[in-house]
Amino acid sequence: MCNKAGWISEDGYYSTCDAGLIDIDGRTYVMSVMTSMPSSDRSSEVTAAIAKALLDTRAALA
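For the sequence shown, my numbering gives the first residue as 39, with consecutive numbering after it.
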């Protein structure tokens, strides 16, 4: 897996995001999660929960 995280929490701009390439069963998927939450432990938890929900949905549809 390759990923690139990013965040900003200054001057009225707030964002926590992560994007990456995910290999599952010989296929490569692109996933990007972007929020308007300021960078914090909580925003990292929320971003991870969104990514997990997307992967769980993919598994259910496969």
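Where a beta carbon is used, it is the ideal one built from N, C-alpha and C, also for glycine.
Remember, predicted model here, so these are calculated numbers, not experimental data.
Among the options, which one has its Cα closest to the Cα of residue i?
i, options, result
"S70", "A86, E48, S77 and A97", "A86"
"I46", "V68, D61, I62 and S82", "S82"
"G44", "L93, L99, D61 and S78", "S78"
"D61", "L93, I88 and A98", "L93"
Just to confirm, is the Cβ distance from residue i to residue j under 8 Å?
i, j, result
"C55", "T73", "yes"
"C40", "G64", "no"
To the nearest angstrom, report how far apart residue i and residue j are at their CA atoms.
i, j, result
"R96", "D49", "37 Å"
"K42", "A89", "14 Å"
Less than 8 Å between the CB atoms is what I'm expecting for residue i and residue j, so what's the real figure, rounded?
i, j, result
"Y51", "M75", "The pair is not a contact, with the Cβ atoms about 12 Å apart (cut-off 8 Å)."
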